[in-house]
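Taking it in order: structure first as structure tokens, then the write-up.
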Ligand SMILES: Cc1cc2nc3c(=O)[nH]c(=O)nc-3n(C[C@H](O)[C@H](O)[C@H](O)COP(=O)(O)OP(=O)(O)OC[C@H]3O[C@@H](n4cnc5c(N)ncnc54)[C@H](O)[C@@H]3O)c2cc1C
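In this note's numbering, the protein residues as written are 167 to 585.
Following this line, the structure appears as structure tokens:
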């Protein structure tokens, strides 16, 4: 009996469970394999929908489905948070006291946006990263906002969806234009990076649009604290700005179970091989998506593409095959820029993001993603994704020469600072 346990029923965990259930269908039916998915919540949110909830007034209910609707019937869903992962015992303990043993483990516990990490941030700022309800509070505040300074601040990196702070600024500009009060609102964008978007080529597209729309930018602004009473945000560098409405991207860290089990780095992210997605130093243990420490953007597309690699590699290991795959670092993060246009931040470990022209087609592709997300989780859109994304993985036997790998690692490390 080969037991696979997946911890985390978000984007990557759900998709990996479905892929494995499909690949191992006969083995599961024959009692030779099992796929167990351990999750915290019955409800599964489509997180990119938070932007629409915050800045376009969509209902949070629009972007949530029940996890059980999304899973193949051969996946056993265990709604019972994991409290300990024990690599030595090859087991996962849950809050209710169950112990699940595994032959293969996939860690897909995501990243946790945590406003409490910055003094005053939880009290002084709203955000669209901690969920649909918190995003809705932004929309409610915007309804009664009649003028003044709105600040969008990045209060910690890395965070989910690197383009989302810029997107928020663009969406705010559009919102206030529609309400006819744009001339009464100053929009300010505070970033710890040296330019409006971390990757230079993308910043060259964003910067003139920010200028044209009158979105002011302060670079090298590392948020230190917020004073909600004074309505001021302070940087480590000694700058301070007054705000009337503060929308901040909170610092993120790994899931509590990773921290409590002592299997993460300082930020609680799981040290993971960036190609095969194996957890460093472990056998039969993989990690995907936002939970990993690999230098690539924390995005659903990444979690999805890594899931394909991990499901393949687990089946290969079960069959004692050396036919393993490596993920090539492909990312594709959309950014709405207003006027029904969008750009895509696309790259791999070895090719940094390239220039982009804002386009209406990309805008509609981005918006259609909300509709296809649910179907993408059951694997039925893989052919279409293969066509769209191009190469996203390669067989380990075709591994690039060591010299090329050094270049890739350097590019990836550079991307950690700038992606
Ligand atoms: C505002 C916003 C906009 C975004 N836009 C985009 C976009 O346009 N494109 C894109 O690709 N990505 C986007 N993303 C990012 C994307 O949503 C995430 O990167 C993606 O969901 C990561 O998948 P994951 O499986 O790694 O983590 P998640 O989907 O976050 O899932 C992690 C799961 O682990 C569970 N978990 C945690 N701890 C435990 C535990 N102890 N026991 C059991 N389960 C546990 C959590 O409850 C959660 O269900 C956006 C995110 C936000 C917030």
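Even glycine gets a Cβ: it sits at the ideal position worked out from N, Cα and C.
| task | Report the rounded CA-to-CA distance for residue 208 versus residue 378, giving the unit in angstroms. | result | 44 angstroms
| task | Let me know the alpha helix (DSSP H) ranges lying completely inside the region 213 to 277, each 4 residues or longer, listed in chain order. | result | 215 to 222 and 233 to 236
| request: State buried or exposed for residue 258, treating a residue as buried only when at least 16 other CB atoms are found within 10 Å of its CB. | output: buried
| message | DSSP three-state label for residue 429, please. | response | Three-state DSSP puts residue 429 in coil, outside helix and strand.
| task | May I have the straight-line CA-CA distance separating residue 569 from residue 562, to the nearest angstrom? | result | Only weak support is given to the placement of residue 569: the predicted model assigns it a pLDDT of 49, under 50, and the value that follows is read from those uncertain coordinates. Residue 569 and residue 562: Cα-Cα distance of roughly 16 angstroms.
| Is residue 493 buried or exposed, if buried means 16 or more other CB atoms sit within 10 Å of its CB? | buried
| query | Which residue spans inside the region 297 to 341 form an unbroken alpha helix (DSSP H) run of at least 4? | reply | Correct list: 298 to 309.
| task | Decide yes or no for the touch test of the region 345 to 360 against the region 315 to 325: beta carbon pairs closer than 8 angstroms, at least 3 of them. | result | yes
| field | Beta-bridge pairing of residue 527 - partner residues as DSSP gives them | value | For residue 527, which the question treats as bridged, DSSP gives no partner whatsoever.
| field | Selected residue, minimal CA-CA separation from residue 546, among 174, 171 and 181 | value | 181
| Complete runs of the beta strand (DSSP E) confined to the region 493 to 545 [at least 3 residues] | 497 to 504 and 507 to 513
| task | Could you check if residue 537 is buried or exposed, using at least 16 other CB atoms within 10 Å of its CB as the buried criterion? | result | exposed
| request: Compute every distance between the C-beta of residue 331 and the non-hydrogen atoms of ligand 1, then say whether any falls below 7 angstroms. | output: no
| alpha helix (DSSP H) containing residue 166: first to last residue? | Past the edges of the chain, shown from 167 to 585, lies residue 166, and the structure says nothing about it.
| With respect to the beta strand (DSSP E) encompassing residue 195, which residues constitute its N-terminal and C-terminal limits? | Element bounds for residue 195: not the beta strand (DSSP E) but the alpha helix (DSSP H), 191 to 195.
| task | Measure the Cβ-Cβ separation of residue 330 and residue 415 and say whether it is below 8 angstroms. | result | Taking 8 angstroms as the Cβ cut-off, residue 330 and residue 415 qualify as a contacting pair.
| So what's residue 169 in DSSP terms, helix, strand or just coil? | strand
| query | Apart from the five residues just before and just after residue 175, which ones in its own chain have a Cβ nearer than 6 angstroms to its Cβ? | reply | 203, 205 and 233
| field | Bridge-paired residues (DSSP) for residue 465 | value | According to DSSP, which records beta bridges pairwise, residue 465 is partnered with nothing at all.
| request: Give me whichever residues DSSP pairs with residue 458 in a beta bridge. | output: 436
| query | Do the CB positions of residue 167 and residue 187 come within less than 8 angstroms of each other? | reply | Cβ distance not < 8 angstroms, so residue 167 and residue 187 don't count as in contact.
| request: Identify the continuous alpha helix (DSSP H) that holds residue 202 and give its terminal residues. | output: No alpha helix (DSSP H) contains residue 202, which is instead part of the beta strand (DSSP E) from 199 to 205.
| query | Can you give the Cα-Cα distance for residue 419 and residue 364, rounded to whole angstroms? | reply | 20 angstroms
| message | Once DSSP output is grouped into helix, strand and coil, what is the label at residue 187? | response | helix
| query | If we ignore side chains and look at the alpha-carbon of each, how far apart do residue 394 and residue 240 end up? | reply | Taking the straight line from one Cα to the other gives about 50 angstroms.
| query | So what does residue 393 bridge to, in DSSP terms? | reply | 398
| field | For residue 353: DSSP bridge partner residues | value | 316 and 381
| request: Using only the heavy atoms of ligand 1, determine whether one of them is closer than 7 angstroms to the beta carbon of residue 465. | output: yes
| For residue 561, which of helix, strand or coil comes out of DSSP? | strand
| field | Burial state of residue 553, where buried means 16 or more other Cβ atoms lie within 10 Å | value | The residue in question, residue 553, is exposed, as its Cβ has fewer than 16 Cβ neighbours within 10 Å.
| What are the start and end residues of the alpha helix (DSSP H) that includes residue 554? | 548 to 555
| request: Please confirm if residue 244 has its CB atom under 8 angstroms from at least one CB of chain D. | output: Here there is only one protein chain, and chain D is not present.
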